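When you read off a place in the sequence shown, starting at 1, and then add 10, the result is the number in the numbering used here.
Heads up: the structure comes next, in structure tokens.
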Amino acid sequence: MEVCMHLRFMIFTGIFLLALFGCAGRHQQDQLASTPTDVQAPIDHGLDTAAVLDEPHAPLEQMLLDADAIPDVDQQTPLTPAEQKALDTPTQVEFVLDIEETKEVELFFRYFTHDARDRFSAWLKRSEHYLPHVRDVFLSHGLPHDLIYLPFIESGYNPMAYSRAGAGGMWQFMPGTGRLYGLTFDWWIDQRRDPCLSTQAAAAHLTKLYEMFNDWNLALAAYNAGEGRISRAMQRSGKDNYFALASVNRLLARETRHYVPKFMAVLKIIQNLEELGFEPINWDNGPQVATLEVKGGTDLMALAQYCNLSWEDFRQLNPSFRRQVSPPDKVLTVYVPEQQQDRAVAFLSTPSSRPYQGFDRYQVRSGDSWWRLANRFNVPVDVLKRINNRSNNLLSIGESLMVPRSASAAVAAASPAESSVSSTRNLAQQRANYVVQRGDTLWNLSRKFGVAVSTLTQANGLKNQHSLKIGQRLYIPRHSPASSVTASSASSANKSGQMVQYRVRRGDTLWQIAQRFGVTTANLTSWNKLPRSGLIRPGDNLKIYIP
């Protein structure tokens with residue numbers, strides 16, 4: 011299914027990861043560590059911390075770190091006639107400013123058109139990949155068009171941006187606020203970085219704030235400072251006007267007092283780009299992308315390679331993934347270039363797309379090394395490092411690593427009785443259908459034949475997982491009972507209940523539709539004779555039997 015038709019997810023991770031202005035007082039908290047350090051307990055980056063496991067923070071200029079600062083710009087040089095005309099341009103969201111606020115707007119206007127001109131140009135270029143989608147979403151919510159430019163002062167339209175206080179993504183959601191709108195932030199994924207999902211959340215949040223305050227000035231201030239803080243300021247002062255609140259000393263944080271003037275400056279620039287010498291926004295920039303559902307434990311690196319994408323290119327399309335494997339317990343959406351859709355579908359239909367049954371966390375102990383862990387869990391060192399997004403050989407006692415569940419379960423399992431092992435080996439020799447070649451490992455064979463490592467060891471009575479010899483004969487089970495049961499269950503899906511027709515809309519996924527109607531994706535696939543990938547397109551009509 012095609013979604014985000016104009017959206018091209020290109021992440022420029024080296025350009026000023028911006029932390030300008032986040033939700034709920036985001037910039038007024040202590041800075042978090044940017045890289046993991048030695049710890050005495052397993053690292054558990056929970057929902058209330060923004061430590062970035064998969065990407066270190068880039069240094070920010072001091073002005074960007076100090077969101078409450080007014081830029082030090084040349085105020086003596088007169089504006090050109092074109093600049094003055096742009097500064098006088100009215101905005102769709104109506105603002106009534108006094109002399110002081112008008113002066114602040116001019117300061118930020120001068121800053122972005124002069125001192126930070128190159129940076130603002132980079133933001134404009136990056137925004138082209140997201141603006142068409144943001145525009146469509148905000149239009150569907152009935153929001154003012156001007157609000158689609160809010161990420162300029164939030165993140166520079168950078169989905170990978172993190173603030174010191176832990177706000178993340180293009181819209182700079184704090185973890186708690188993101189959770190309210192269904193954005194998951196855990197060890198595996200950070201959906202605040204998903205431009206599609208976070209934009210839906212931002213539209214819903216802004217709608218709620220406007221309904222609460224019935225004034226866009228106050229709603230924007232609440233987006234920055236939090237609705238609770240703005241409500242308390244109104245109650246304390248008896249004022250119901252943003253600029254009246256901003257005029258009271260210490261009633262609002264300086265960051266919040268500067269927020270609306272800064273946004274106004276950005277709007278006036280964007281409405282006059284060509285007159286101010288900037289390149290106009292190309293609203294047709296970026297290729298079409300397709301969305302596919304991936305099951306838990308999908309090897310995302312292998313998927314990227316199968317689609318002829320580098321890992322960096324895949325991450326540019328899918329910035330929410332923090333690991334090179336999808337979460338073991340979730341069905342999620344991935345974005346691939348439309349021209350690679352068929353290859354992606356073909357790969358996801360193979361057992362090798364999910365080489366393991368899942369993943370466990372392993373706490374590093376004294377004496378551990380990558381080589382020892384690779385031998386213990388029968389996984390090549392490079393695979394262990396890749397899964398954990400590591401390039402060096404350093405390990406810290408107490409840190410958590412991701413380990414294939416099938417391997418860890420097999421290591422932890424008690425050894426069978428010797429007689430049972432012997433019987434299994436004899437049977438395996440009789441049924442042997444593969445001869446070990448040079449370079450073979452159980453992990454490679456599990457990938458090649460789509461069989462779990464634990465299944466191979468059990469089927470062949472192997473006591474030591476990592477002892478294979480050239481010429482050794484192995485029995486490779488071709489089919490598992492579980493897959494047969496699953497297929498049988500899907501083919502005989504219950505068709506009782508009321509049948510309705512559902513027309514697939516842009517942005518729908520099979521999983522979302524199943525959740526909406528209280529059925530399973532297997533039901534939908536069976537009822538509508540869909541491909542195993544669950545591929546659906548806007549305009550498709552689905553039969554749904556509501557229980």
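Idealized CB from N, CA, C, for every residue including glycine.
These numbers were taken from a predicted model, which means no experiment stands behind them.
query: Residue span of the alpha helix (DSSP H) that contains valine 270, given as start and end; result: 264-280
query: Aspartate 378 - DSSP class collapsed to helix/strand/coil; result: coil
query: Those residues which DSSP pairs with arginine 371 across a bridge; result: Met412
query: Start-to-end residues for the beta strand (DSSP E) that takes in alanine 300; result: 299-304
query: Same chain, Cβ closer than 8 Å to leucine 283, five either side skipped, listed in chain order; result: Leu134, Glu289, Pro290 and Ile291
query: Rounded C-alpha distance that separates valine 344 from leucine 302; result: 5 Å
query: Through-space distance from isoleucine 397 to proline 365, alpha-carbon basis; result: 12 Å
query: Closest residue to alanine 356 among Ala312, Asp370, Ser376 and Gly549 (Cα-Cα distance); result: Ala312
query: Residues near tyrosine 191 by beta carbon distance below 7 Å, same chain, minus five either side; result: Ala211, Ala214 and His215
query: Heavy atom of the ligand MN within 7 Å of isoleucine 554 beta-carbon; result: The ligand MN is not among the ligands present in this structure, which contains no ligands whatsoever.
query: Simplified DSSP state of proline 81, which is helix, strand or coil; result: coil
query: Residues bridged to arginine 513 [DSSP beta-bridge criterion]; result: Asn551
query: Reference serine 7; option with closest CA among Met274, Gln447, Gln351 and Met184; result: Here the chain covers residues 11 to 557 and nothing more, so residue 7 does not appear.
query: Among Pro390, Asp378, Gln482 and Pro414, nearest to serine 406 - alpha-carbon criterion; result: Asp378
query: Per DSSP, cross-strand counterpart(s) of phenylalanine 331; result: Ile199
query: Whole-number beta carbon distance between glutamine 281 and threonine 99, since they are thought to touch under 8 Å; result: 5 Å
query: Run of the beta strand (DSSP E) containing threonine 308, from where it starts to where it stops; result: Looking at the DSSP string, threonine 308 is not in any beta strand (DSSP E), and its letter there is neither H nor E.
query: Residues bridged to threonine 561 [DSSP beta-bridge criterion]; result: No answer is possible for residue 561: the residues shown for the chain start at 11 and end at 557.
query: Per-residue burial, isoleucine 279 [other beta carbons within 10 Å of its own, 16 or more giving buried]; result: buried
query: Valine 463 classed as buried or exposed, judged by whether at least 16 other C-beta atoms fall within 10 angstroms; result: buried
query: Spatially closest choice to leucine 117 from Tyr140, Arg353 and Lys272, by CA coordinates; result: Lys272
query: Presumed contact (8 Å Cβ cut-off) between isoleucine 612 and tyrosine 444, rounded CB distance; result: Here the chain comprises residues numbered 11 to 557, so residue 612 is not present and cannot be evaluated.
query: With 16 other Cβ atoms within 10 Å as the buried cut-off, status of proline 205; result: buried
query: Candidates Leu97, Asp200 and Arg515, of which the one nearest proline 285 by Cα; result: One detail in the question is off: residue 285 reads as glutamate in this sequence, not proline. Nearest C-alpha to glutamate 285: Leu97.
query: Pairwise C-alpha distance: phenylalanine 148 and threonine 123; result: 27 Å
query: Residue from Ala231, Ala300, His155 and Phe459 with nearest C-alpha to glutamate 348; result: Ala300
query: Top-ranked residue by Cα proximity to tryptophan 293, from Thr87, Ser456 and Leu141; result: Leu141
query: Pairwise C-alpha distance: tyrosine 555 and alanine 532; result: 12 Å
query: Whole-angstrom distance between aspartate 339 and alanine 275, CA atom to CA atom; result: 45 Å
query: Beta-carbon proximity check, valine 413 vs phenylalanine 387, cutoff 8 Å; result: yes
query: Range covered by the alpha helix (DSSP H) that runs through phenylalanine 223; result: 205-223
query: Anticipated Cβ contact below 8 Å, tyrosine 372 with leucine 404, distance rounded; result: With 8 Å as the limit, tyrosine 372 and leucine 404 do not qualify as a contact, their Cβ atoms being about 16 Å apart.
query: Run of the alpha helix (DSSP H) containing lysine 95, from where it starts to where it stops; result: 91-97
query: Serine 493 - DSSP class collapsed to helix/strand/coil; result: Residue placement at serine 493 is poorly supported in this model, since its pLDDT is 30, which falls under 50; the coordinates are not used for a value here.
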